[in-house]
Structures are given as structure tokens and as C-alpha cells.
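Top to bottom, those sequences are chains A and B.
Under my numbering, the first residue of the first sequence is numbered 201, with each subsequent residue one higher.
Under my numbering, the first residue of the second sequence is numbered 94, with each subsequent residue one higher.
Glycine is no exception: its CB is placed at the ideal position from the N, C-alpha and C atoms.
The structure under discussion appears below in the form of C-alpha cells.
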Amino acid sequence: MTADNLVEFQNVSFSYGKRPILKGISMAVPRGKVVAIMGGSGCGKTTMLRLIGGQIRPSVGAVAVDGQRVHELDADGLYQMRRRMGMLFQFGALFTDMSVFDNVAFQMREHTDLSESVIRDLVLMKLHAVGLRGARDLMPSELSGGMARRVALARAVALDPMLIMYDEPFAGLDPISLGVIGNLIRRLNDALGATSIVVTHDVHESLEIVDYVYFVSDGVIVAQGTPDEMRASDKPFVHQFVHGEEDGPVPFHYPASAYGEDLRLGGKHA
Amino acid sequence: MPSRFVKGVRRIGHRTINSLLRLGVASRFFVLVLLHSGSSFRRPHLIIKELFSTGVLSLIIILVSGLFVGMVLGMQGYDTLQRYGSEEALGVMVALSLVRELGPVVAALLFASRAGSAITAEIGLMKATEQLSAMEMMAVNPIARVVAPRFWAGVLSMPLLAAMFSAMGVFGGYLVGVKLIGVDEGSFWSQMQSAVDFQQDIVNGIIKSFVFGVAVTAIALFEGYDAPPTAEGVSGATTRTVVTSSLAILALDFVLTAFMFRGEG
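Written out as C-alpha cells, the structure reads:
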């Protein structure tokens, strides 16, 4: 592992029971960059984030974060490492029994001995960065989807993490919120000097803001490169994905027996 | 091709193994909750917040039910006792039935359906909306931060609720027996006072409700924590909480009564 990479996948395989999800993935996330992991739904993208966070262990290979192999850490070591990570969950995963303010303050109260007045200043700064300082007293149920995502973003960066992970940050957002979240991902990464991993299938929003892209399909990396290389790529999978074509290497039809056979058109009609 | 008989045996075996496995997982979960309880006691405000939602919010149903159960006891008790000319023992009957049995048991059944189901649904939804995962990713143990405070809040509020249920019930019996039917007020209270023993009746009642509190809260928390993260999963878990903890209360009550009151006259 080189010191330039914050996260490295070293030939990682993972399966749920007998179902293989990842099959020998090797990739690197350089420090300071925003890297996207793209692929269709259910291709194992979220699993990769869970491996980085140490919530699951690889069946084969290792994931290294900041030079440490995640699955070799004990519970304390893992918790120490997670304190330096922030994660934005798909639908925000805000604590529904706490206000916006308390959500952002959560980690500061759990992990630091800061006084309430310092925490107040820090929380307001984080909320200001996502434009929701005025929403501090609202409950999560009172927020729109885009606002909830921004609060979750403020919470993810509450302790100035070295690594920020985004699980489908664009899913289900209106066009204005899409742009807002995209810009925030880029701006927060650069302002905090952090490294970001964005798991997504929203091609256009993410190609605008990221430095490098990995395409994952069926548990393996099928393509990688800068956004410009991806736009120009003539690889069938990348082309289908970037241009949103219905059929291609990723078939429209779920595997099934022959259509005619299924409709019982055998015999004289065949 | 295995015969239908073999299939049936296999299914029974499968279910038995699954139930045992679940029991093992539940026991492990319970031990983890106890091991991670330290931080809840270092930060009592976490427990106090949950005491409000499990204890205070259950008060209305407990108090109203206690009053009605007491009033019915007053009526039925008078009807039976007056046949033997001993209606002044009504106070004793009402108080002993409540303190020994009905208080702990009925309060626990109500607690299971009011607070237990709420706990399961809340934890199950927290899991389904990835709040527990998010907490783990923030290096905060959800068992210590979410589960343990709710456990201790449930265990603490159950005996208090049962005591209030019994007190309300005695008041209800008094209203019907003394104020409505006209049993002598002096003998109602004085017979009650001399017949109810603190150690034998009240302390045993408190022990019962404490045990029920542990059982109901532990079942509710486990069902929530173990629920499949879907709408169907959470609703199934909520139902299981009410059914399992009600059965557990009744079974435990039998065992505890057998130990506490055997050979009593």
C-alpha cells in the first residue's frame, strides 16, 4: 500500500452465504480525491462501503484504510477508526427522536468532552455549511428529502473526518437538491482536506464532481478512469450505463426460460 | 423421495433447532445489554428520557384500568362475601387480590401491549431506517446507547406502575364497596391493614412485577433489534412482542406464585 492512497481494496471477495457479491476487487482511493463507485442496483456497491467501515468482513483479501487492515482491528481499534470516518446513508438515517441540532451534535457529545457552548458553535458552523442553520430546531420528520440529506451530511462531517462515504447521495432528490448535494460533496471534501467515496448510479451528477470513477458490475470492476475518459469510453457496459440505454451487456430481461416455452406455445404453434 | 412422515419429522426438527437458535441469540443479546449497561448509569438522563416514554406515557391506561378492575372486584367480592355474612372482609379481598396477583400481572400485560409494542416498533424502525447502522458507523454502540437505557427504564417503571395499579384498584374497591354499596368504612380499612403483610404480600408483589418488567422489556427490545428491516418484519415483531411477553408473564406468574405462597393458609 502506498501512502498516497487512503483506502485500498486488495483482491477483495465477499459473499452473503453462498451468494457471491464481490469477486476479487482491487482498487485504490487516493488521498484528497473524490472517487465514485458506480454500477447498477444490487451490484455490491453498498457492500464495499460496509467493508470499509468494518461492518462486515471480506471472505478473501483485505481492505486497508490509512494503512490499517480493517478486518484485523479489534472492537476498540475499529471504533477508533470509525471516529475518523463520516458516512452519509442513503436516506439520511437521521435519528428521528432528536432535533436537527441534536443530530449534528450527537457525535460531539458522545466522543468529546467539549462544553455545550463550544458544541453549539460547532453545530451551527456545520449547519451553516449546508445552509440549514435556520432549521436547527426542526425534527427530522419536518424536513424534505433534500434537507434531510443535507442535515445528514452536516452530521457526517461533524468531527471533521479524514474519509467521507456517501451511499446513494442523489437517490430520490429533485433537480435543485441534486445540484446542491453534488456541490456540497465537492466543497466539503476540499474544505476539510478529506477524501470522499461516492457510491451512486446517478451518472450525470457524479461525473460533474468526481476525480475518478470505478464501474462495478456483477462483483468485479469492469472499467475505471477519469470522468472524461468515461464519457468517451466505447466499452459496451460503460456506454450503456453513461447513456442510460435499455439493453446492452446489462440485459433488460431478468434471466428466464425461453419466452415461447413460458407462454406454452410449444407443439403445433411452435 | 422422502415420505410425508420423514418430511414432517424433518420440519419439526427444523423448527426446534430454529427456536433453540433464536433463544440462544436472545440470551446472548440479553447478556450484551447487561454488559453495556454501565454507560446508561453514568449518564442517567438517557434513562430518564426513556422513563418518560415507557413509564409516564403508560400511566393513563394503568390508572384507569386499575380503577375499573378495583371497582369490579368490589362488586363481585361483595356479592360473594355477603352470602357468608362477611362483607366487612371486602377490603382484605380487594387488597390481597390486587397486591398479590392482579396488580403485577394485569399491569404487566398492559405494559406489554402499551410500552412493549412501542419499544419493539421504535427499535425495529430505527433498524429499518439504518439509524442503528449509522450509530455504529459513528463509533457508538447502539446496544449501549439505545437498548440499555430503554431496558433499565422498563425495569424501573414496571414495579412503580404495578404499585399504582394496585393503589388505584384499592381506591376503586373502596368507591364501590363503601361509598356505593355501603360496607362499613372502618372495618374495610382496618381489616385490610391487619391482613395485608408487608413482607409476604407487598414485597412479593414488587418482586413479581420486577421480574415481569425484566421479561417484557427484554423481549420487546430483542424482537425490535432482531426484526427484519421491512414493514412486514417490524409489524410481525410487534405482534410477537405482545404475544410472547403476555405468555411469559402468565407462565412466570405461576412459577413465582408457587414459590412465594405455597402452603399458605
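Check whether residue i and residue j have beta carbons under 8 angstroms apart
i: Ile397/A; j: Leu278/A; result: no
i: Asp346/B; j: Val240/B; result: no
i: Arg349/A; j: Pro369/A; result: yes
i: Phe281/B; j: Leu183/B; result: yes
i: Ala311/B; j: Met251/B; result: no
i: Ala423/A; j: Phe437/A; result: yes
i: Met238/A; j: His401/A; result: yes
i: Ala352/A; j: Ala293/A; result: yes
i: Asp367/A; j: Val399/A; result: yes
i: Ile421/A; j: Ile225/A; result: yes
i: Gly308/B; j: Ala341/B; result: First, the residue type needs correcting, since residue 308/B is Ala and not Gly in the sequence shown. In this structure, Ala341/B lies closer than 8 angstroms to Ala308/B by Cβ.
i: Val207/A; j: Leu363/A; result: yes
Simplified DSSP state of residue i, which is helix, strand or coil
i: Lys223/A; result: strand
i: Gly358/B; result: Residue confidence for Gly358/B is low, a pLDDT of 45 falling below 50, so the modelled location carries little weight; the figure read from the coordinates is stated next. Three-state DSSP puts Gly358/B in coil, outside helix and strand.
i: Glu208/A; result: strand
i: Gln268/A; result: strand
i: Ile105/B; result: helix
i: Gly326/B; result: helix
i: Asp367/A; result: strand
i: Pro137/B; result: helix
i: Ile256/A; result: coil
i: Ser287/B; result: helix
i: Ser396/A; result: strand
i: Gln424/A; result: strand
i: Ser417/A; result: strand
i: Ala391/A; result: helix
i: Phe214/A; result: strand
i: Met285/A; result: strand
i: Ala458/A; result: coil
i: Pro361/A; result: coil
i: Met233/B; result: A small fix is needed here, since residue 233/B is Val in this sequence, not Met. Reduced to three states, the DSSP call for Val233/B is coil.
i: Val235/A; result: strand
i: Ser339/B; result: helix
i: Val229/A; result: strand
i: Val330/A; result: coil
i: Ala201/B; result: helix
i: Gly261/A; result: strand
Residue i versus residue j: straight-line alpha-carbon distance, rounded
i: Arg135/B; j: Pro230/A; result: 41 angstroms
i: Glu278/B; j: Lys272/B; result: 8 angstroms
i: Thr147/B; j: Ala227/B; result: 24 angstroms
i: Thr426/A; j: Val442/A; result: 13 angstroms
i: Gly247/B; j: Ser158/B; result: 19 angstroms
i: Leu127/B; j: Ile409/A; result: 47 angstroms
i: Leu113/B; j: Gly106/B; result: 11 angstroms
i: Leu388/A; j: Ala211/B; result: 38 angstroms
i: Ser213/A; j: Gln255/A; result: 15 angstroms
i: Ser259/B; j: Tyr177/B; result: 26 angstroms
i: Arg333/B; j: Glu461/A; result: 44 angstroms
i: Tyr363/B; j: Glu180/B; result: The first residue shown for chain B is 94 and the last is 358, placing residue 363/B beyond what the model contains.
i: Gly346/A; j: Leu343/B; result: 49 angstroms
i: Phe161/B; j: Gly275/B; result: 18 angstroms
i: Ile216/B; j: Leu378/A; result: 31 angstroms
i: Asp319/B; j: Val327/B; result: 9 angstroms
i: Leu174/B; j: Leu254/B; result: 29 angstroms
i: Asn205/A; j: Asp266/A; result: 7 angstroms
i: Asp274/A; j: Phe122/B; result: 20 angstroms
i: Val99/B; j: Arg219/A; result: 29 angstroms
i: Ser215/A; j: Arg108/B; result: 26 angstroms
Minimum C-alpha distance to residue i - residue among the options
i: Gly444/A; options: Thr426/A, Pro427/A, His404/A and Leu463/A; result: His404/A
i: Gly242/A; options: Ile221/A, Ser226/A and Leu251/A; result: Ile221/A
i: Met164/B; options: Arg355/B, Glu181/B and Gly265/B; result: Gly265/B
i: Glu310/A; options: Ile212/B, Pro235/B and Ala221/B; result: Pro235/B
i: Met353/B; options: Lys301/B, Asp172/B and Thr213/B; result: Lys301/B
i: Gln37/B; options: Leu125/B, Ile155/B, Met168/B and Leu189/B; result: With chain B covering 94 to 358 only, the question about residue 37/B has no answer from this structure.
i: Arg355/A; options: Ser215/A, Ala371/A and Leu332/A; result: Leu332/A
i: Leu152/B; options: Val348/B, Met257/B and Gly217/B; result: Met257/B
i: Val335/B; options: Ala313/B, Thr323/B and Pro321/B; result: Ala313/B
i: Arg269/A; options: Met285/A, Ile252/A, Arg284/A and Ser215/A; result: Ile252/A
i: Gln284/B; options: Arg243/B, Met186/B, Val309/B and Val233/B; result: Met186/B
i: Met365/A; options: Ile385/A, Asn211/A and Met325/A; result: Ile385/A
i: Thr213/B; options: Ala324/B, Ser96/B, Thr350/B and Val99/B; result: Ala324/B
Residue i CB to nearest heavy atom of the ligand FMN below 7 angstroms
i: Ala308/B; result: Looking at this structure, you won't find the ligand FMN or any other ligand, since it has none at all.
Please identify, using Cβ separations under 7 angstroms, the residues of the region 117–128 of chain B that lie next to chain A, in order along the chain.
Nothing from the region 117–128 of chain B brings a Cβ to less than 7 angstroms from some Cβ of chain A.
Closer than 7 angstroms, Cβ to Cβ, to anything on chain B: give me those residues from the region 346–371 of chain A, in chain order.
Listed by position along the chain: nothing, the set is empty.
Contact set between the region 227–240 of chain B and chain A, restricted to residues whose Cβ is under 7 angstroms from the partner
Across the region 227–240 of chain B, CB contacts with chain A closer than 7 angstroms involve Ala227, Glu229, Met230, Met231, Ala232 and Val233, in sequence order along the chain.
Selection of the region 232–261 of chain A by Cβ proximity to chain B, strictly under 7 angstroms
Here the close residues are Gly253 and Gln255.
Which residues, in chain order, does the region 294–316 of chain A contribute to contact with chain B at a C-beta distance below 9 angstroms?
Those residues of the region 294–316 of chain A that come within reach of chain B (Cβ to Cβ, closer than 9 angstroms) are Leu294, Phe295, Thr296, Asp297, Phe306, Gln307, Glu310 and His311.
Report the residues of the region 207–230 of chain A with a CB closer than 8 angstroms to any CB of chain B, ordered along the chain.
Taking 8 angstroms as the Cβ-Cβ cut-off against chain B, none of the residues of the region 207–230 of chain A qualify.
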